Amino acid sequence: MNVLSVASLLYQVCLLYNKGEALYGYCNLKDKCNKFHVCKSFVRGECRLPKCKRSHQLIHATSLQLLQDQGLNIPSVVNFQIIATYKHMKLHKMLQNKGETLRGRQNTINSVVLS
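In case it helps, mature numbering (1 follows the signal peptide of the UniProt record, and there is no 0) puts the sequence shown at residues -22 to -1, 1 to 93.
Below you can see the structure in the form of structure tokens.
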């Protein structure tokens, strides 16, 4: 997927879906919305929530026609989905390792201070 297509995909993400607590966020159109109900941060490769309440699935029955209507190439979107999912997994592994390193350092500091 070229940069223009990724930009097109980001442009098509429903911003109202990405706000609010309800299943559809603040999007009143729900299933009739012509934008993607997908996590904006995930599409950008920046979602830091291991159990994000927003969808991380670009390819599902309700979006296939929308993808084609927007002129996006389905195989390219599938590749983007795979890459974005991998990046999401790697980001969380890095954050988890960073957290473990910070906890280890704090325990070392505490044991030195308390000694």
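We put the CB at the ideal spot given by N, CA and C, even for glycine.
None of the values given here were measured: they were computed from a predicted structure.
In the DSSP assignment, residue 19 falls within the alpha helix (DSSP H) that extends over 18 to 22. Three or more beta-carbon pairs separated by less than 8 Å link the region 8 to 24 to the region 54 to 65, which places the two stretches in contact.
A straight line joining the alpha-carbon of residue 4 with that of residue 74 spans about 31 Å.
Close CB contacts of residue 46 within its chain, under the 8 Å cut and outside five residues either way in sequence, are with 52 (chain order).
Excluding residues up to 5 positions away in sequence, 4 lie with their Cβ nearer than 7 Å to the Cβ of residue -3 in the same chain.
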